[in-house]
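A short write-up of the structure that comes next.
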Amino acid sequence: MAKITLNDLRHSYMPNPQNPADYALKRLDLEWKDGGAYALLGPSGCGKTTLLNIISGLLIPSHGKVLFGEQDVTRLPTDARNIAQVFQFPVVYDTMSVYDNLAFPLRNRGVPEAQVDKRVRTIAEMTDLTGMLKQRASGLTADGKQKISLGRGLVRENVNAIMFDEPLTVIDPHLKWLLRSKLKELHQKLGTTMIYVTHDQTEALTFADQVVVMKDGEVVQSGTPIELFEKPQHTFVGHFIGSPGMNIIPCKVSGGEVHVGARKIEVSNASKLGDRNGTFELGVRPEFTSFAAAGLAVRVAKVTDTGRNKIVDTRLGDLSIKLLVDNGAAIPSDGAHLAFDTARTQVYDNGWLAE
Amino acid sequence: MNKTVNQKAWFFVLPVVILVAFNALIPLMTVVNYSVQETFGDNTFFWSGVRWFEQILQSDRFWASLGRQLFFTFTILAIEVPLGVAIALTMPKKGPWVSVCLVLMALPLLIPWNVVGAMWNIFALPDIGLLGKLLNSIGFDYNYTRQTGDAWFTLILMDVWHWTSLVVLLAYAGLVSIPDAYYQAALIDGASKWKIFRFIQLPKMKRVLTIAILLRFMDSFNIYTEPVVLTGGGPGNSTTLLSIDLVKIALGQFDLGPAAAMSLIYFLIILLTSWIFYTLMMRNEEQ
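Here the protein sequences come in this chain order: A and B.
Numbered by numbering that gives the first Met the number 0, the letters in the first sequence go through residues 0 to 354 in order.
Numbered by numbering that gives the first Met the number 0, the letters in the second sequence go through residues 0 to 286 in order.
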């Protein structure tokens with residue numbers, strides 16, 4: 000077990016990358032503590048899987064270093080890195096029984112059979128496979144096969160890290176929830192570093208202590224779920240995380256004052272604005288937006304009842320601004336005005352939080 | 000709702016029925032007809048029951064041909080299947096060389112069978128053929144027209160040259176259909192090259208290999224043109240395979256009855272073996 004450091008990491012699938020667009024991963028500097036639960040979150044094609052494969056050694060980066068503890072492993076082959084990985088689609092060895100599948104990573108490493116047996120039974124218990132140990136793996140459902148894949152990822156002790164590449168994609172929703180909480184529980188029990196790749200924010204936020212949000216091969220923000228929610232560093236994070244995502248409203252900044260249309264808005268980072276020239280946007284989450292007697296004039300376009308609360312979709316010209324209100328709250332039908340919670344309202348300069 | 004009964008639909012299958020009738024059913028039934036009758040020419044036939052079948056099954060000649068046939072078929076299967084898989088494993092999975100390899104592999108399959116026979120006939124001639132001359136010049140006493148062992152060696156070598164690529168192409172198709180994730184998972188699991196072959200590649204190739212073995216079994220059991228052009232069944236009868244023997248009886252001696260009976264026995268052997276093999280493979284699959 001060790002700390003994982005990514006140092007100036009870049010990767011391109013082309014032999015001679017010329018411009019930044021040729022890179023699947025653009026300059027990454029990250030440090031992951033030993034024993035942490037991390038999530039890599041981002042839309043498809045943002046470089047999550049590339050990064051994962053670099054860490055596991057399936058890919059050698061075009062540039063930069065990967066360190067486990069103090070050891071440089073950038074060019075070390077996969078089997079020398081002592082790492083486990085679970086893939087998006089189930090990989091099972093068809094001709095083997097479930098038991099042999101789970102035992103495979105251990106037997107390949109010459110673990111004594113008595114210990115293999117103990118380990119396989121423990122893992123089978125955790126992944127709910129005990130009753131099927133004797134069955135042939137090829138006969139299982141997609142769910143079952145993915146549980147085998149998960150089991151094979153977890154079966155080795157003392158690995159440097161276990162990585163999950165969207166492992167629950169093929170699992171049905173009910174079981175998804177169950178397995179996710181099980182993984183979280185396992186993390187607490189084993190204390191192994193776990194890196195979880197997903198495009199699903201709920202998965203990322205419930206699993207990880209630290210979430211790394213990626214977009215177009217770059218890390219946009221790395222932080223705890225609360226940080227990502229309350230202080231998104233980039234409008235992308237604001238919009239990607241949260242349901243519904245953050246409201247992004249174009250605004251004007253002059254002399255430290257922020258205006259949307261003709262109305263002045265108080266923001267938390269007003270003092271940081273200074274004399275900037277850029278494209279400014281106001282970011283405020285639906286949770287921190289409310290109806291008020293006076294404020295930004297909007298019209299109500301649509302109300303969606305989610306059961307727990309209501310999502311009100313209002314319009315400022317063509318721009319949609321959403322707010323989250325309690326079930327019982329009154330919704331003005333005409334001439335609505337919006338107020339923002341100043342402490343949770345920030346100005347973004349070219350997409351990035353003005354600091 | 001009323002169900003409309005319309006028998007006109009049968010006309011749509013008529014072309015297929017006619018085609019199958021003329022190229023399979025009618026010839027086969029003619030053979031069945033011959034196998035139970037005797038003729039002295041003049042298109043007059045007499046009922047003879049199962050006499051021809053008894054005669055064929057009791058003749059040493061038939062069993063000798065069958066023995067040579069089985070030896071031939073199992074020898075080429077034992078060489079072509081492992082060799083084909085081994086070549087498929089070494090072929091590149093992507094890049095410009097893929098098409099080069101595929102074309103090279105397809106070449107022998109495109110050559111007409113009698114040309115293959117003629118090529119090898121000349122290639123192996125001890126006095127002027129490249130192979131024959133070369134073998135003799137490095138000290139082997141090689142003459143496929145006179146020595147039984149040499150004739151068999153040439154016959155098998157020719158078939159391996161001609162047909163291994165079929166196994167290669169099928170095995171290769173099975174190999175490239177394995178998703179990368181399997182190899183990645185195997186690396187993570189610390190599997191050796193042998194284990195990757197044994198537990199990933201081989202199981203994934205099983206279906207195509209079943210087809211390859213079936214095709215090669217049936218084809219080699221029916222083989223006629225190439226050995227006839229190469230050795231003509233000789234020296235003596237030493238490379239007379241079933242089909243060659245059959246043609247000798249039917250067209251050389253014009254014994255239509257025994258030839259027809261032998262054809263049917265021949266046909267049943269292939270059918271039965273293929274069925275047993277296929278059933279075994281598929282039952283294995285289900286377990």
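Using N, Cα and C, we set each Cβ at its ideal position, and we do this for glycine too.
Range covered by the alpha helix (DSSP H) that runs through residue i
{"i": "A:E112", "result": "112-125"}
{"i": "B:S98", "result": "96-109"}
{"i": "A:Q17", "result": "Counting along the chain, A:Q17 falls outside any alpha helix (DSSP H), and DSSP gives it neither H nor E."}
{"i": "B:A172", "result": "147-175"}
{"i": "B:A180", "result": "179-187"}
{"i": "A:D164", "result": "That residue, A:D164, is in no alpha helix (DSSP H); its beta strand (DSSP E) goes 160-164."}
{"i": "A:H10", "result": "From DSSP, A:H10 is part of no alpha helix (DSSP H) but of the beta strand (DSSP E) over 3-10."}
{"i": "A:L227", "result": "224-229"}
For residue i, the residue or residues it bridges with in DSSP
{"i": "A:G152", "result": "Note: A:G152 sits in no beta bridge, so no partner."}
{"i": "A:A38", "result": "A:Y195, A:V210"}
{"i": "A:T288", "result": "A:F339"}
{"i": "B:S273", "result": "None, per the DSSP bridge assignment."}
{"i": "A:D348", "result": "A:F279, A:W351"}
Distance between residue j and residue i (C-alpha atoms, nearest Å)
{"i": "B:W51", "j": "B:D149", "result": "35 Å"}
{"i": "A:V257", "j": "A:F279", "result": "9 Å"}
{"i": "A:I89", "j": "B:V31", "result": "One detail in the question is off: residue 89 of chain A reads as Pro in this sequence, not Ile. C-alpha separation (whole angstroms): 53 Å."}
{"i": "A:G56", "j": "A:G130", "result": "34 Å"}
{"i": "A:E326", "j": "A:Q200", "result": "With the sequence shown as reference, residue 326 of chain A is identified as Asn, and Glu is not the correct amino acid for it. Answer to the nearest angstrom: the Cα atoms are 24 Å apart."}
{"i": "A:V259", "j": "A:T344", "result": "13 Å"}
{"i": "A:F86", "j": "A:L178", "result": "15 Å"}
{"i": "B:K192", "j": "A:P224", "result": "43 Å"}
{"i": "B:R67", "j": "B:I269", "result": "15 Å"}
{"i": "A:H336", "j": "A:K263", "result": "13 Å"}
{"i": "A:E112", "j": "A:S180", "result": "30 Å"}
{"i": "A:L29", "j": "B:M104", "result": "49 Å"}
{"i": "A:G241", "j": "A:L323", "result": "11 Å"}
{"i": "A:L105", "j": "B:A185", "result": "12 Å"}
{"i": "A:A338", "j": "A:G273", "result": "24 Å"}
{"i": "B:Y143", "j": "B:P234", "result": "8 Å"}
{"i": "B:I243", "j": "B:A123", "result": "21 Å"}
{"i": "B:V35", "j": "B:A258", "result": "11 Å"}
Residue-level contact to chain A via CB, residue i, 8 Å cutoff
{"i": "B:A190", "result": "yes"}
{"i": "B:F198", "result": "yes"}
{"i": "B:A63", "result": "no"}
{"i": "B:Y181", "result": "yes"}
{"i": "B:K2", "result": "no"}
{"i": "B:I187", "result": "yes"}
{"i": "B:A123", "result": "no"}
{"i": "B:A170", "result": "no"}
{"i": "B:P202", "result": "yes"}
{"i": "B:K93", "result": "no"}
Chain B within 8 Å of residue i, Cβ atoms only
{"i": "A:R108", "result": "yes"}
{"i": "A:P104", "result": "yes"}
{"i": "A:A23", "result": "no"}
{"i": "A:A83", "result": "yes"}
{"i": "A:S55", "result": "yes"}
{"i": "A:D142", "result": "no"}
{"i": "A:F228", "result": "no"}
{"i": "A:D171", "result": "no"}
{"i": "A:Y12", "result": "no"}
{"i": "A:T77", "result": "yes"}
{"i": "A:T94", "result": "yes"}
{"i": "A:R151", "result": "yes"}
{"i": "A:F67", "result": "no"}
Residue i: first and last residue of the uninterrupted beta strand (DSSP E) it sits in
{"i": "A:V252", "result": "251-253"}
{"i": "B:Q36", "result": "36-38"}
{"i": "A:S319", "result": "318-325"}
{"i": "A:V259", "result": "256-259"}
heavy atom of the ligand MN below 7 Å from residue i C-beta
{"i": "B:G235", "result": "Inclusion of the ligand MN in the displayed structure is not the case, the ligand content being empty and no account of it being possible."}
Contact between the segment 229-241 of chain A and the segment 278-285 of chain A is defined here as three or more beta-carbon pairs at a separation below 8 Å; is this criterion met? yes
Hey, is the segment 205-214 of chain B in contact with the segment 70-89 of chain B, meaning 3+ C-beta pairs nearer than 8 Å? yes
Cβ pair count under 8 Å reaching 3, the segment 301-317 of chain A against the segment 9-18 of chain B: no
Could you tell me whether the segment 108-119 of chain B touches the segment 221-229 of chain B, using the rule of 3 or more Cβ pairs below 8 Å? yes
Spell out a yes or no on whether the segment 150-157 of chain A and the segment 116-130 of chain A are touching, meaning 3 or more CB-CB pairs, one atom from each, closer than 8 Å. yes
Any 3 or more C-beta pairs closer than 8 Å across the segment 212-220 of chain A and the segment 244-258 of chain A: no
Is the segment 42-57 of chain A in contact with the segment 186-197 of chain A, if contact means three or more CB pairs nearer than 8 Å? Yes, they touch.
Segment contact, 8 Å Cβ cut-off, at least three pairs: the segment 195-206 of chain B with the segment 146-161 of chain B: no
Would you be able to state if there are at least three C-beta pairs under 8 Å between the segment 94-109 of chain A and the segment 132-141 of chain A? yes
Would you say the segment 228-235 of chain B touches the segment 41-60 of chain B, given that touching needs at least three Cβ pairs under 8 Å? no
Contact between the segment 235-255 of chain B and the segment 15-24 of chain B (3+ Cβ pairs under 8 Å): no
Are the segment 202-209 of chain A and the segment 31-42 of chain A touching by the rule of at least three beta carbon pairs closer than 8 Å? yes
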